[in-house]
Structure formats: structure tokens, C-alpha cells
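Working notes, structure below.
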Ligand code: SRM
Ligand code: SRM
Ligand code: SRM
Ligand code: SRM
Ligand code: SF4
Ligand code: SF4
Ligand code: SF4
Ligand code: SF4
Ligand code: SF4
Ligand code: SF4
Ligand code: SF4
Ligand code: SF4
């Protein structure tokens, strides 16, 4: 197919060394009307410096309230191929591993029912199938689901959980991120597909405090692997690093945030009581140092983007939880949190915002978590605090 | 005089090594009825664990709205000597220096017209003459003022400015704290004696960032001396410190917050461009290091105690101001700030709280101060900000 | 369309196990250490002695099925039909024998793939939909990523930096990317308030939730018009009202632009995770190649590269030298917009007499 | 009372110059360095070669005119009739010749004055009125100072610490002392809400400002009683309503108590000035000797003394080891009250995966 629209501005983005998304759209346009008109519409945006999409309407597949982002152009007459241009969010497998067979199958379905364009992956983690019309949603879903694929989350629902590669290819994974993510996803299928929350709820799971999935910034619940017990040291390997040119004093000792490492040129010592498990020394000397023996996760709550009162990062609500299937302790906690959020949350209020509004102490009390210093960077400043009936002498 | 009241609890506080305030009251009680009944009333408080003072009424000296804290007992029948027990705040001389002659004069006046009890000094800085009755206020004031003393501030007024000892006895004073304090006090006599502000306004002046007057915590305007230019080093004296047993690496180099000092055992080097003038190195090696040549002050605004929305420390509003008599630039700035506070402040709203409510950017714009990075620890996080008409293309 | 297969619901994603290369399945949870072998390849070594080589290539994330199939061809030829994507949208090819690495890398190079992104360098840019798919976009995302990475490509393929520098792009302040905790991030911003289309508000918008959507309480009811009104001097153009009420469009081609925020991180290494902070409040929105924005990012990056200690993240460097120094060494202007006046502003004021000249 | 002299107004305080000892007047602004000679005396040396010796003694601050006159006697005998007070209420005697130091110190000791407070030790306690003069006091101030300093006196007169430890006492949360930025401070707190005396509210209180005084918006109008009402679960017993409206007494002998806040500082040395943070939310109010409170302060102080590096202030030590460790090493209990739920609470939550076990 030759290109339907002139795209002098977009063509500028075929130049340069980084792979070009314009080339991708043009490749799809070879066989897709959607892609042809997407080029035209996008060129118009580049020219006018304004989006040409309208607010999405409610579209989806039967029985689900989530998984499809409705999208309509505001210039449908000019670009009928993208008059509808809905996105289908397909729940990725944990860890983003694929066989080529599986990927090809998805591609074939999308060539047949959609634009032939994707995002691998969306920021939340889904396989984003980019652009189709309303009537294709059901058949596309039938083809996908019959081959074992399901939709991810959207709207006021559990959003598609995602995780770092973890135990599959990383020596630092303290928890089985892929298993946990899979089990959470399976456990909350209903909550993912049928939005019934005050707002969205995201899970992200990282195997350690390196947080390669950015869970602390982007998940209402961030599950981050950690350990108790002493960092394991292989002194021989430490020496190898030193001989290999690493300046252990500068790069390790002086960069340890808790000043708990010492190195006398032949032995590396760690005062584990003072270690806060930041992962710096381990990451820099992976052959020599390994996380301690007792594995589990720190559970953090609340992160989100800035709207409405400012960005939040998740903060500690459970310092240490064992993480073994069937993960009942986790699910039980999540259920208690949701119940509380459900009861008190306003429309479009994330759980972190609710806690900000009602107070962390109230949350801890209501959800039944014991206050611990690990939950705060520092205690309150101003001596204004509440007491309960039982604290008061009558 | 023998003691009128039994004070078994207070007597416990005559024991121990630290000078006893109970002994002081008892000494005064030798010749003062106020002090006699104060002992009784205080013993009652110690017994009942509750204060026996009522909210003060409006009492004062003619023509002034400030300088006297009215105080009445809630058990006047039991302790008639302290039925009235008003405090007179006498404005201390800058730096708290006295001649014995002057002090004796004040003591004599207070023996005559008051309880014979004082606080040397109040937290704000005043000489506190503790306790007299309403009818003694005028005569006490006549005696004091005729001898060159005036009252300090109270209520919604300028409060008695105070300062560290500064140039009088300190090698680090970058500004003449005592002169500045005296001139501010004289300049704003009317604003101090006749409350007309939304709330109190305090000045405190420190000669350097050591801040021996705690200005950054306790003054609506904190004036803190500082310098531009290089710290002056006497390398010989540095060596003397080293020889005297100072571990320069540990105590100085590693404690410099900006990591701008180095020491090779014979020469101390400071990268002055990176120095933030924290005063640590100078304070610890006063013979070897001296502040740089160009002297002035950083002006900070806003500190106060926690009521209502939480404690504030003052923050930078003018990074550097020359400080030479007649201090016109300072007075001009203060006038602009007060005008703005006066226009926008609510009743009982400190200037720091007002800025918190209306925003620092609004304050800067309205008062005519240019934004500078020195005013903030860090720029804003969330990209939510305002533009003016002139920034926008029509 | 022919016969459709039987749809299923609530089955969730396929189990990941079926997608794991055999060497991974065997050594799952047994990895001992890894070594970085180059800007785009590394090896992981298992307790069992097994090894896994990974080669990483850049992806524009917006992929045609054709390109995905090309990728699959390579994985079929070299990796027994397995591959993965990273959390930053790169593609990873994995092999279980050292001899397979060179041929794999050769084919990838020959086919024009950009190998790199591992270790202390720039990896792919986390980003969002932009004009490709979102009604809310103040700028495009894919285009910005492209021009940024065209300029900074050498930091992906070869050059190293003191530490990783994570870039992100979000097309509006909803920030679907990881902008708020990135080393350097771009975000599309507005500079003018929404326009209220009173006739449409009635039908399209729920008034109470529209009012509640405004972070600054700038919106109030306008009963006369059965609509809302905006107190213009309170509006800081976040567009959240437009998210909730389509009758309040805020896009303004002349004044929409790009803000740069910097110094964020999510890892816990050394220092705690950090929010990004404002470096440049507004640059003009200049597709297709946004030269002003690209230049500003490069300037910040190079100043970091020159000034930071080994292992120091960008935000760690800035905090060490201080923000006042950051503005000095980068030459970026400090404006009224940099001074926080949002919810937690107070915590950003300099409550200390210490700063650098 | 006899003839009164002519009153004057708005003359301000006397000029300080007339109160300066000649050696100070001569060397004003010319001091070069100082040396600490002991826990309570030091010498300042001028560019001119002149020297000034200072001897510092403790004062209870609440002084009778008799004691002031005693002090004057000493200053007359040794210091040519000059003396000063410090910003922390100590008394300083100054002499211009080394030979005068010993006799001065001897007389001070003989008369029972406590010499000390200079350098890295505990100096006097900044404090407030308490039951001696204030209607707002939840506890006494002078008494607490006395029992604290009786216990810790050796840190004033002899023993040194890693750095200065600034103590403060405030009898209510108005915090007229420097409590909010002190190394260790006590503050009188309430634990029960105010009681509203409806009949008095009418006459004594302005309703709108009473309502506005409440930090948590717990107070609302009660039109029926021409008074106000309090939403009890919102009240955190700050007593600010009582400051504004005398008809809302909050004192409660059974439940008023003492909170300990720690780790604040005002100096800029090394680290920025810091707010104090809550260490102990409540200890019983037990005059006359408040043994629980004294014991808790000593515990905190001794743990600091044992753990801090030289020159480290208490707050710097706590921040280095981390608050979780602080609670561990002191054995103090961490309670719900420690978790901030006031205005800027969010900034105190642990937004990181790093903490110590
Ligand atoms: C597709 C995706 C961006 C992408 O290109 O990757 C996306 C796209 C949209 N996001 Fe998002 N968000 C996407 C990940 C995120 C993330 C990142 C994450 O999940 O890790 C965030 C930040 C974290 C967070 O949740 O706060 C994010 C924060 C938002 C927000 C702000 C929410 C807030 O509470 O502050 C909105 C606004 C809203 O919900 O109305 C939003 C709203 C939207 C909407 C639905 C627009 C809207 O206002 O209705 C966008 C649809 C665009 C379209 O037409 O396709 N999106 N959104 C991401 C989802 C793909 C996937 O399922 O994998
Ligand atoms: C593949 C991936 C996980 C995945 O499930 O996909 C991954 C994999 C590894 N990361 Fe990561 N990280 C991955 C995203 C991240 C993220 C998340 C993000 O960028 O959104 C972060 C947090 C960034 C941040 O803090 O803002 C991240 C911060 C790190 C760090 C910490 C760097 C630091 O000092 O702050 C290390 C440790 C190191 O290398 O010293 C690390 C180390 C590693 C190691 C060495 C772990 C291991 O032993 O296998 C892996 C090597 C690859 C490499 O050097 O890139 N990885 N890594 C992700 C690759 C993304 C990409 O394509 O570039
Ligand atoms: C006399 C006095 C000033 C005055 O005008 O009265 C004063 C005088 C000196 N101070 Fe101070 N400071 C005085 C209150 C303060 C205060 C204010 C306060 O406590 O409310 C502070 C701030 C405390 C804080 O940060 O919370 C203060 C923090 C310092 C420091 C900083 C210590 C630190 O490392 O944080 C030094 C420097 C040093 O010694 O290294 C210092 C050093 C000094 C020097 C050495 C300055 C000099 O060269 O003369 C003086 C020696 C006396 C000494 O060692 O106590 N002075 N000093 C005050 C004595 C009060 C008292 O009776 O104890
Ligand atoms: C006498 C003194 C305490 C002392 O024993 O030294 C004092 C005593 C009172 N202060 Fe204060 N304040 C005194 C210094 C302070 C300071 C410290 C300072 O000025 O350096 C502060 C903290 C800094 C600040 O200004 O925020 C302070 C913060 C307060 C507050 C809280 C104000 C706020 O905005 O948060 C109040 C409450 C009020 O204004 O209603 C207050 C109110 C009071 C009142 C008037 C009680 C009241 O609610 O009406 C007290 C009268 C007690 C009495 O009967 O004598 N006092 N007050 C201090 C003044 C002596 C002097 O003039 O030298
Ligand atoms: S988060 Fe930790 S476990 Fe997961 S991939 Fe990164 S380094 Fe490995
Ligand atoms: S993990 Fe972090 S805190 Fe612990 S020893 Fe290593 S560098 Fe130090
Ligand atoms: S604040 Fe500075 S100038 Fe003033 S007394 Fe303290 S050290 Fe000296
Ligand atoms: S004054 Fe402070 S910042 Fe400057 S060199 Fe000395 S210790 Fe370093
Ligand atoms: S960042 Fe804004 S414009 Fe971009 S995809 Fe998300 S909601 Fe849409
Ligand atoms: S753009 Fe944002 S600030 Fe402006 S009116 Fe809309 S919601 Fe309020
Ligand atoms: S702290 Fe409270 S009780 Fe004590 S003097 Fe100040 S206002 Fe009165
Ligand atoms: S005590 Fe404080 S919180 Fe309670 S009602 Fe009064 S002002 Fe409000």
C-alpha cells in the first residue's frame, strides 16, 4: 500500500539512529487502514500542536468493565480509519517472557482485528493492542481468550500487576516476584475486570530494594523483597574486586549510607545491625556479597502520580512479611485495606490520598497494623496527638 | 518575715545542687507579700497539679497597649497577695550587658512597686518584673522610664528584639548585632508599644550562622550575619591544632557538610565556592580560620511555635544584605512586609503562616523580591505552577 | 469474519512458566552472580554452573506486528524461540551457550538493532501515548523519545555515565510514565486555563466531581449557566478538570509546552528514592524535533557527567552540590515557577542560613 | 508613695554602650579568637592583644532582687561593676586581667554559685512561666528545670559531651521556650478535650475566632447554646481554643502530663537547623520531682553520650543511626502517637524500603 497522507513532519522522525516509531506506523500502514489514517491524524497533531483525540466513551467486551480504552478522533471525516481507535489491554505474562509462538499468535489476531500496532508494553505492564473499532472488540477478545490470554485492568479496578524479572534471572531476588504477581492477578480477576473501587489500585512486585519495576513510585501496593540476617561475604571475591581495580574504600565503604562497612585491605566487615539493606554494596560486588538468609518482603502502600495533591511514593506498612504460596497473609491484608478504602474513599480517591486525608494513624488502627518505627522516617514534630478512651484516667 | 504558708512540696525543690527558684521566692518573701502568697498558690498548684491563674485582663500603662501581662489568681481569697500579679516587661539593653548600678536601680524600683521577683530574662529577651498589682503599674513605669528604661512588647505588636553578644565579645560576628538590635528597637517604638498588627512580630539578630540567639527558631524576622569571599586560613595555626591533638581529617574534613575541605597533613585547603558557610570548621579551629572579608546578613522570615498548623523555622528571603547604619534597606524591606501582612493577614496569623496560606511566590511577587535558589532547599516537585499574563502568547 | 472460537473470561494471563527458556527454568532462583560484558550484553551464572547470556536491544515500544515478527525470527534462529521485554521496554535475547552470543549480536547489528542499555548508561525512555492515542496529551511522547534518543544514543550503545540515568516522558501531568521519580523527565504542560463550554457542561459533566477535581479549588458552581466557573488566578493549568469534564478543553497550541523535572530515582541504593524536581518550567512545544528540549536535556546530562562521582545518581549529585549550585553550573534560569507553592511547599523552603554563593 | 518622677515614653532601652566594660568597648569588633579554659571559663583575645576572661555561672532565671544584688556585689568586687546575662539565662562575669580570674572564681564557688555551661556540655535550660505565672500551663516549668538540672548538674560543671545539649521546657504547647528546636525538651501536654462552659462562652468569647483557633477544625457553632461544640474525636488537646476563649478550660490534673521531644537544633554547623521530634508522648505529671521524666531524659542523654561521634549533636546522632535504631537503643516505646498525623505528616512517612532491623 502506498501512504494515503503526506507526512513531512513525521518523516523527520524517520531520521536518526534510534528505532523510529514512525517507521513502525508506516510498516503497519502497508496493510492497515487504521495505521494509514493514524499517520494522517498524527501529522495533523504535529502541525497544529494539539491532540485530535476525544475523551473515550464506555466501550468494552461483554461482562467486563475494564480492559479496553475507548478512543474516538475529533476529525473522523478526515481520517475515517481512526474514527474509532480503541485500545485493548492484554494482561502480560509475569516478567514479560514470551515464546515466539505466543507472540506471533497475538500479532496475527491483531493484524486481523486491529491496527497491527502495539505497545510492548504499557507503563502498567499490559500488552497494549493499539487501535481498533468497537465491533472488533468481541471477536478479538474471543480469539485472544480462547488462546489463553485475558484482558488487563482499566478504570476504577485492580490494575494489571507487574514485576521485575526476579528469580528468573537475578541473583538478588528475595521473593519469587513472578509467582507472586501471577497469583495476585489470578486471585483478583473479578476485581480487575469489573471496576468497583473508588479508583484504580495497582500492584508492583520487586525482588529487592533495587526496585527494577519502579514499584515504589507507581503502585498503590509495592511489594519489595528483602531479608533478615547477615549479608553473606566471600572474602576471596572481595579481594578479587580490589585486585580488579575497584576502590573499595571509595566505592563501597564511603558510599554505604549507614557507615556500617569497613575494609582494611584484606577483610571486609559489615556491621549488619546497622545495615538498612539499601543494596549498594551487594549490587557493586555481586560475586562477593549476597543478601542474608531469611527472605521476605516489605509491603509499602500508596504511590501515585501528582494529581490531585501531589505525587506520592509508597511508604512502609509492613516491615517484613514471609512470602510463600498461597500468600494468604498478603491477601488478607489487601482485603482489609480495600474494605477500609471502600468504606471511606471518595470517588477518584486513591488509597494513598485517602490515608493522607484521614491520617496514617487512623489507617493503622482501623486496618489493625501495629505502629513500628520502620513505618516512618521520623516521629512527628508537633506534640499534637490523639489518645483513646482507654489511655485516659477517669 | 516568717513564711505564711506551709510548702512541703516546694520545699523538696530547695534540695539538690542547682540553684533553687523556691529559695529565690522565699528570699523575696522575706520582704514581699506577693512572694509569700505566691508560695502558697504555687504549693497549691503542685498539690493539685493545675494552674491557679486566670486569663489575663487588659491592664497596662497609659498610652501603651503593650508591655504588661495582666494576671489574676483564681483563688484570690486564699492568696490575696497575688490576687493581681501582673508582669512588667522591661526592654533589656542589647546583648544583656549591665552595670551593677543600673541593675540595682531596677531592683530597688521592683522592691518598692512589685514582688521583688524577676526573670532575667524572658524567652523573648525582656527583663521580666514578675508580679504587681494594677495600681502599681503607673508609678513603676514612671520610675523606670525616668531612669531611661522603657517597656518591651506584648500582644499583636513588635516584640522586644534581641541578639547574641556579637561584636562585643565574639570573633565571628559578621554584623554588629547589638547596634542593629538597638536601632530596630528604637525605630519601631510605636509599633512595639501600640499593638496594631494581625499578631506578634519578633526580631532576633545573630552575628553568624552559629545563631546563639536561636533566631531561626524564634523570630518572625531572623537576621543572621554571614560573609562573601574566602575563609581566611592561617596554616601555622592549623598545624598547631593538629599538633595539639585535633584529628583534622575526622573532626573537620569529614564533618564539612559540603565536602569542600582537604588536609594533607601540612596544608588545609578550602574550596570556597562549595562552602555553605555553616561555621563548623571555623568554630572548631577559631585560631586558624576566619570568616571571609565581605560582611553582611542573610534575612530569614517566618519562624514560630507550633500553634496553629505546626512549628516553622525562618527561611531565606534575602540571601545577602549589607548591614550598615542607618539600616534603611532593612527598614524598607520590613515596611513592605508589614504592609503586605497587614493587608492580607487574618487576626492571630503570623507572617509565616500567612505566607504558608497565600504562597511564598505570591509573597515574593507582592513584596518585590527576586526569586533565587538560595530561598529554597529544592525546587518544587509537581509541575503545577502559575504564569502571569505577560508569559502567555495571545 | 469466520467462526469465532469460544470466548473465556477471568482466566488471567497465561502462566509465565511456559515462556521460560529451559536454562532459566532449571536455574530459577539459583542465580549466583552476573557480569556485564559490554554495553548491551551480560552473563548470569548459576549455582549449578549454568550460564545465561543476555543481549539487550532498544525498541521504540510502539511496535508493528511486523517488527515483532522480525524479532521473533531472530529469537527462533538464536534463542530456541524465547525472548523477553524489560520493564523499560527493551527487548532481551537470551542464550545458554557462549558460542551463541556472537552470531546473535551479529545478526542484531546487521538488522539494524541498537544493542546497549545495560549498566551505567541511558536505557530506554519510559513514556506514554501522546498524540498517538490520548485526548489529554499536551505534547507527543513517542516523538520526544525519538529525538532525545537520537541525540543521546551514544549513551545507550557505548559511552558510560557515573550511574544509570533514567529518562521518562509524559504527555500531560497525569504522568503515566515514571516522570515523578526519574533522573531526567519531560512532561507536557499547559500555561493557560481551560475554556468552559457551558452548553456542553450540562450534558457531559457531573458538576460536583468537576469541582472536586481541582487541586486548587479554582472551580465553583455557575448556577446561572448550569455550569461551572473558574477563578482564573487560582488555576495552575493542570487539566484535571478536563480529565473529568470533556467540556473544559485546556489544550492551547500556542502556549502548551514542556517542563523538565530531574533528580528522581526509585532504587534504594545509597540514598532513599527521590521525587523529581523542577529544572525547567517551560520550553516551547516544537515538533517534530523539539531542539530546545533536547539541548536542555543534553546540557543537564553533560553537567552531571562532568560533576558526579562514580555511582552517584543525578539526584544524588545535585543534592551533594546543592540546588543553588545546580542552577549555577547548568546555567539554567531560576524563576518564580521553581518556588514551590503547592501542597507541601513549606518543606522546600530554605530553613537554614546555609547555601552556596 | 511619694512624688513620682516625670514619666517618659517611647524612649526604648538604654543604649548598650554605657553597659560595656572598658576592655570590650576598646576591642569591640576586634576579637580574634577565644580559648575555653574550663567548663565555666574562657578567654577571648583581641587583635590588639587585649584579653577578656569570662566566668559563667548558672542561674535559676527566676531571681529575687536580693540575689541580683548579691551578684552585683560580686561584679563590683571583681569586674568593675559590669556583668551580663547570656541568651540562656546564665550570668557572665568578665575581667580584663588573668590575675583577677582565680579570686573571682573562688568567691563564686564560696558563695555557692555553680560555675560551668561553656563548651560541649549542658548549659542552662530555656524555659517558661509554668504555674508561677501562666494560666495556660499544663505543668510547671521552673520545677522541671530544677529537677532536671539537679540530676544532670555534672554535665554543667564538669563532664563534657560529644557536643552541646540544649535543654528546654515549655509548660504548654504554645512553647514559649525554644522547645521546637532543642536537643531535648519537655512540654506540658493535655490528654483530654476542653470542657465548654456554655454560660460563660456568651460573655467571654468571640465565637468566630474560637472556631478559627482550632488546628483540626474540631470546633463548630452551637447556636442553641449561643456557644460552640467540639467534635471530640477531632480534638488533639492542644488548648489553643482555651487561649482564645477562657470558657473552655482544658486543664485536667489526672491526665495532663509531659511529652519529651528531641533532636532539634538551631545552629547551622554541619547540618541544617532541625525541628525536635517526639520521643515520649506522655509521662505523668509528678511534682515535685518528676522522677519518671528526669529518668527518661537521662536515659536519652546517656544513650547519646555513648553513641555519638565527637561534635555530633543529638539530632545528628539520631539521624545517622536512624529513628528505628534510636527507639531500639533507648528502649523507648514506639506508639501510635509517634506517627505523625498533623499538617505535614506525609513528609515523615518512610517512603523507602530501607530501615534497620
Ligand atoms: C496506556 C498508559 C500509558 C502508556 O502509554 O503506557 C496510560 C494511559 C492513560 N492513563 Fe495512565 N496510563 C498508563 C499507566 C499509568 C501509570 C504508570 C503505571 O501504572 O505504572 C501512571 C502513574 C502511576 C499512577 O497510577 O498514579 C498513570 C497515571 C494516570 C493518571 C493519574 C492518576 C492519579 O491518581 O494521579 C490518570 C488520570 C486518571 O486516572 O483520570 C491516567 C489516565 C490515563 C488515561 C486513561 C487517560 C484518561 O485520563 O482517561 C490514558 C489513556 C491513554 C490512551 O488513550 O491509551 N493515568 N497511568 C499506561 C497503561 C498501560 C498499561 O495498562 O500497561
Ligand atoms: C532487566 C531489568 C529488570 C526487568 O525485569 O526487566 C533490570 C535488570 C537488572 N538491573 Fe535494574 N533492571 C531493570 C530496570 C531497573 C529500574 C526500573 C526503571 O528504570 O524503571 C531501576 C530503578 C531506576 C531508578 O532508581 O530510578 C533499576 C535499577 C538498577 C540498579 C540501581 C542503580 C542505582 O545505583 O541506583 C541496579 C544495581 C547496579 O547496577 O548497581 C540494577 C541492576 C540490575 C541487574 C544487574 C540485576 C541483576 O543482577 O540481574 C540487572 C542487569 C541489567 C542492567 O544492568 O540493566 N538495576 N533497574 C530492567 C531493565 C530495564 C531496561 O531495559 O533498562
Ligand atoms: C554566650 C552566648 C551568646 C550570648 O549572647 O549570650 C554564646 C557564646 C558562645 N557560643 Fe554559642 N552562645 C550562646 C548560645 C548559643 C545558642 C543558643 C541557644 O542555646 O539557645 C546556640 C545554638 C544551639 C543550637 O544549635 O540548638 C549556640 C551554639 C553554639 C555553637 C554550635 C554548636 C554546634 O556544633 O551545633 C558554637 C560553636 C562551637 O562551640 O563549636 C558556639 C560557640 C560559642 C562561642 C564559642 C562563640 C565565641 O567565639 O565567643 C561562645 C562561647 C561560649 C560557650 O562555649 O558557651 N555556640 N550557642 C550564649 C550562651 C548561652 C548559655 O548560657 O549557654
Ligand atoms: C514570658 C514568656 C515566657 C517566659 O517565661 O520567658 C512568654 C509567656 C507567654 N506567652 Fe509566649 N512567652 C515568651 C516567649 C515566647 C516565645 C520565645 C521567644 O519569643 O523567643 C515563643 C515562641 C516563638 C514564637 O513567637 O512563636 C512564644 C510563643 C507563644 C505563643 C504561640 C504563638 C504562636 O504563634 O504559635 C503564645 C500563644 C498566643 O500568642 O496566644 C504565647 C503566649 C504567651 C502568654 C502571653 C500566654 C497567653 O496565651 O496569653 C504567656 C504569658 C505568661 C505569663 O503569664 O507571663 N507565647 N512565647 C516569654 C516572653 C518573655 C519576654 O518578653 O522576654
Ligand atoms: S529488583 Fe532486585 S531482584 Fe528484581 S531484577 Fe532488580 S535487582 Fe533483581
Ligand atoms: S546494603 Fe547498603 S546499608 Fe547495607 S551494608 Fe551494603 S551499602 Fe551498607
Ligand atoms: S551567633 Fe555567632 S557571632 Fe553571635 S555569639 Fe554566637 S558565634 Fe558569636
Ligand atoms: S564553613 Fe562549613 S561548609 Fe564551609 S568549609 Fe567550613 S565546614 Fe565546610
Ligand atoms: S500522560 Fe496524560 S496524555 Fe499521556 S497517556 Fe497519560 S493521561 Fe494521556
Ligand atoms: S486546570 Fe487544574 S487548576 Fe485549572 S481549573 Fe482545571 S483542575 Fe483547576
Ligand atoms: S508555654 Fe504555655 S503555659 Fe508556658 S508560659 Fe508559654 S503560654 Fe504560658
Ligand atoms: S484543644 Fe485544640 S484541637 Fe481540641 S478543640 Fe481546642 S483548639 Fe481544637
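Chains as they are written, first to last, in my numbering: chain A, 131 to 524; chain B, 131 to 524; chain C, -2 to 354; chain D, -2 to 354. Built from N, CA and C at the ideal position, the CB exists for glycine as well. The structure displayed is predicted, hence computed values, not measured ones.
Simplified DSSP assignment, three categories, for residue 342 of chain A:
Numbered from 1 along the first chain, position 212 holds the residue referred to as residue 342 of chain A. Residue state, collapsed to three classes: coil.
To which residues of the same chain is residue 314 of chain A closer than 6 Å at the C-beta, ignoring the five residues directly before and after it?
Working through the first chain from its first residue, we reach residue 314 of chain A at position 184. If we look at residue 314 of chain A and ignore the five residues flanking it on each side, its Cβ neighbours are 291, 333.
Mark residue 522 of chain A as exposed unless 16 or more other C-beta atoms lie within 10 angstroms of its C-beta, in which case mark it buried.
Taking the first residue of the first chain as 1, we reach residue 522 of chain A at position 392. Exposed, by the Cβ-count rule.
With DSSP as the reference, label residue 370 of chain B as helix, strand or coil.
Counted from its first residue, the second chain places residue 370 of chain B at position 240. Note: residue 370 of chain B maps to helix in three-state DSSP.
Tell me the rounded alpha-carbon separation between residue 197 of chain C and residue 203 of chain C.
Against the third chain, residue 197 of chain C aligns to sequence position 200. Against the third chain, residue 203 of chain C aligns to sequence position 206. Taking the straight line joining both Cα atoms gives about 11 Å.
Roughly how many angstroms lie between the CA atoms of residue 190 of chain C and residue 232 of chain C, to the nearest whole one?
Here residue 190 of chain C refers to the residue found at position 193 of the third chain. Here residue 232 of chain C refers to the residue found at position 235 of the third chain. Their Cα atoms are separated by approximately 6 Å.
Please list, following the chain, all residues that have a C-beta closer than 5 Å to any non-hydrogen atom of ligand 9.
C:125, C:126, C:131, C:133, C:134, C:167, C:168, C:169, C:171, C:173
Tell me which residue opens and which closes the beta strand (DSSP E) that residue 228 of chain B is part of.
To locate residue 228 of chain B, count along the second chain from 1; it is residue 98. 227 to 229 is the extent of the beta strand (DSSP E) around residue 228 of chain B.
Is residue 328 of chain C buried or exposed, if buried means 16 or more other CB atoms sit within 10 Å of its CB?
As a first step, residue 328 of chain C must be located in the third chain, where it is residue number 331. Exposed, because fewer than 16 other Cβ atoms sit within 10 Å of the Cβ of residue 328 of chain C.
Give, in chain order, every unbroken run of the alpha helix (DSSP H) that is at least 4 residues long and sits entirely within the stretch 267 to 328 of chain A.
267 to 276, 307 to 317, 319 to 323
Mind listing the chain F neighbours of residue 270 of chain C? Cutoff is C-beta to C-beta under 7 Å, in chain order.
Of the protein chains in the structure, A, B, C and D, none is chain F.
Selection from A:512, A:387, A:217 that minimises the alpha carbon distance to residue 442 of chain B:
Against the second chain, residue 442 of chain B aligns to sequence position 312. For the residues A:512, A:387, A:217, the minimum Cα distance to residue 442 of chain B belongs to A:512.
At a Cβ threshold of 7 Å, is residue 512 of chain A touching chain B?
Numbered from 1 along the first chain, position 382 holds the residue referred to as residue 512 of chain A. Chain B contact via Cβ: present.
Please confirm if the stretch 364 to 371 of chain B is in contact with the stretch 462 to 471 of chain B, defined as three or more CB-CB distances below 8 Å between the two stretches.
no
List the residues of chain C that residue 201 of chain A touches, going by C-beta distances under 7 Å, in chain order.
Taking the first residue of the first chain as 1, we reach residue 201 of chain A at position 71. What residue 201 of chain A touches in chain C: 130.
Extent of the continuous beta strand (DSSP E) run through residue 356 of chain C
Nothing can be reported for residue 356 of chain C, as the shown portion of chain C is limited to -2 through 354.
State yes or no: is the beta carbon of residue 344 of chain C nearer than 7 Å to at least one beta carbon in chain D?
Stepping through the third chain from its first residue, residue 344 of chain C is reached at position 347. Yes - at least one Cβ of chain D is within 7 Å of the one on residue 344 of chain C.
What residues from chain B crowd round residue 273 of chain C, counting only those whose CB sits closer than 8 Å?
Stepping through the third chain from its first residue, residue 273 of chain C is reached at position 276. Contact of residue 273 of chain C with chain B by beta-carbon distance below 8 Å involves 511.
Under three-state DSSP, which class holds residue 256 of chain B?
Counted from its first residue, the second chain places residue 256 of chain B at position 126. DSSP places residue 256 of chain B in coil when its eight states are reduced to three.
Work out the CA separation of residue 517 of chain A and residue 119 of chain C for me, nearest whole Å.
Numbered from 1 along the third chain, position 122 holds the residue referred to as residue 119 of chain C. Numbered from 1 along the first chain, position 387 holds the residue referred to as residue 517 of chain A. Their backbone Cα atoms lie some 51 Å apart in a straight line.
Go through the stretch 343 to 413 of chain B residue by residue and report every complete run of the alpha helix (DSSP H) that reaches 4 residues or more, in order.
345 to 348, 365 to 373, 378 to 381
Name the chain C residues that come within less than 9 Å of residue 339 of chain D, Cβ to Cβ?
Working through the fourth chain from its first residue, we reach residue 339 of chain D at position 342. In chain order: nothing, as chain C lies at least about 12 Å away.
Any beta-carbon of chain D closer than 7 Å to the one on residue 265 of chain C?
Here residue 265 of chain C refers to the residue found at position 268 when the third chain is read from its first residue. Closer than 7 Å to some Cβ of chain D, the Cβ of residue 265 of chain C qualifies, so yes.
Should residue 428 of chain B be labelled buried (16 or more other beta-carbon atoms within 10 Å of its own) or exposed?
Here residue 428 of chain B refers to the residue found at position 298 when the second chain is read from its first residue. Buried: at least 16 other Cβ atoms inside 10 Å.
Is it buried or exposed for residue 262 of chain C, if we count other Cβ within 10 angstroms and need 16 for buried?
On the third chain, position 265 is the one that residue 262 of chain C refers to. Burial call: buried.
First and last residue of the uninterrupted beta strand (DSSP E) at residue 48 of chain D:
As a working note, residue 48 of chain D is residue 51 in the fourth chain. Taken as a continuous stretch (DSSP letters only), the beta strand (DSSP E) holding residue 48 of chain D covers 48 to 54.
If the cut is a Cβ gap below 8 Å, which residues of chain C does residue 176 of chain A touch?
In the first chain, residue 176 of chain A corresponds to position 46, counting from 1. Those within 8 Å of residue 176 of chain A in chain C are 128, 137, 140, 284, 285.
For residue 541 of chain B, is the beta carbon positioned less than 6 Å from some heavy atom of ligand 8?
Lying before the first or after the last residue shown, residue 541 of chain B is absent from chain B, which here runs from 131 to 524.
In chain order, what residues of the same chain lie with their CB nearer than 7 Å to the CB of residue 397 of chain A, ignoring the 5 residues before and after it?
In the first chain, residue 397 of chain A corresponds to position 267, counting from 1. Same-chain partners within the cutoff: 365.
I believe residue 111 of chain D touches residue 154 of chain D by the beta-carbon criterion, under 8 Å. Please report the beta-carbon distance rounded to the nearest angstrom.
Counting from one through the fourth chain, the residue named residue 111 of chain D turns up at place 114. Counting from one through the fourth chain, the residue named residue 154 of chain D turns up at place 157. Right, the Cβ-Cβ distance comes to about 6 Å (below 8 Å), so this counts as a contact.
Proximal residues of chain C, C-beta to C-beta of residue 534 of chain B below 7 Å:
An answer regarding residue 534 of chain B cannot be provided, because it is not within the stretch 131 to 524 covered by chain B.
Contact between the stretch 290 to 301 of chain D and the stretch 331 to 350 of chain D (3+ Cβ pairs under 8 Å)
no
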